[in-house]
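The numbering of the sequence shown is the numbering used here, which starts it at 555 and goes up by one.
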Amino acid sequence: MKEKCPYCGEEIHSEYIFCPHCENRLKEKNYKTKNPFHSDMKDAEMKATRKGVLIKLTGMIILLIIGLAIGLMK
Ligand SMILES: [Zn+2]
C-alpha cells in the first residue's frame, strides 16, 4: 500500500511511522505501539523509588535530630 505524505506529498509506504523524505511523524497509533511506555514507566518508577529514599532519609534525619535533642536535654 502506498500513500502520500501529508506534509511533503512524496509517496511513502502506509506502514511508515516517519516520512523518509521530510521526517515528519505520520502515525500516532503505530508510534505508540512501536514505542511502548517502558521508558516512561521506568522513569516513574525511578522517581517513586527516589521519593521513597528521600522520605526514608528525611525520617532518619528527623529521628537523629530528636535523638540529639533528647541527648542534649539530659
Ligand atoms: Zn514527508
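Cβ coordinates follow ideal geometry from the N, Cα and C atoms, glycine included.
Quick check on residue i: buried or exposed, where buried means 16 or more other Cβ atoms within 10 Å of its Cβ?
i: I616; result: exposed
i: C562; result: exposed
i: Y585; result: Low local confidence applies: a pLDDT of 47 at Y585 is under 50, so the model's placement there is unreliable, with the coordinate-based value given in what follows. Its Cβ having fewer than 16 others within 10 Å, Y585 is exposed.
i: I624; result: exposed
What I want to know is whether the C-beta of residue i ends up closer than 8 Å to one or more non-hydrogen atoms of ligand 1.
i: H567; result: no
Start-end ranges of the beta strand (DSSP E) lying completely within the region 555 to 622, minimum 3 residues: Under the rule that a run must span 3 or more residues, the beta strand (DSSP E) segments found entirely inside the region 555 to 622 read 556 to 558, 565 to 567.
Under 6 Å from any heavy atom of ligand 1, by CB: list those residues in chain order, please. This selection yields C559, Y561, C562, E564, C573, H575, C576, N578.
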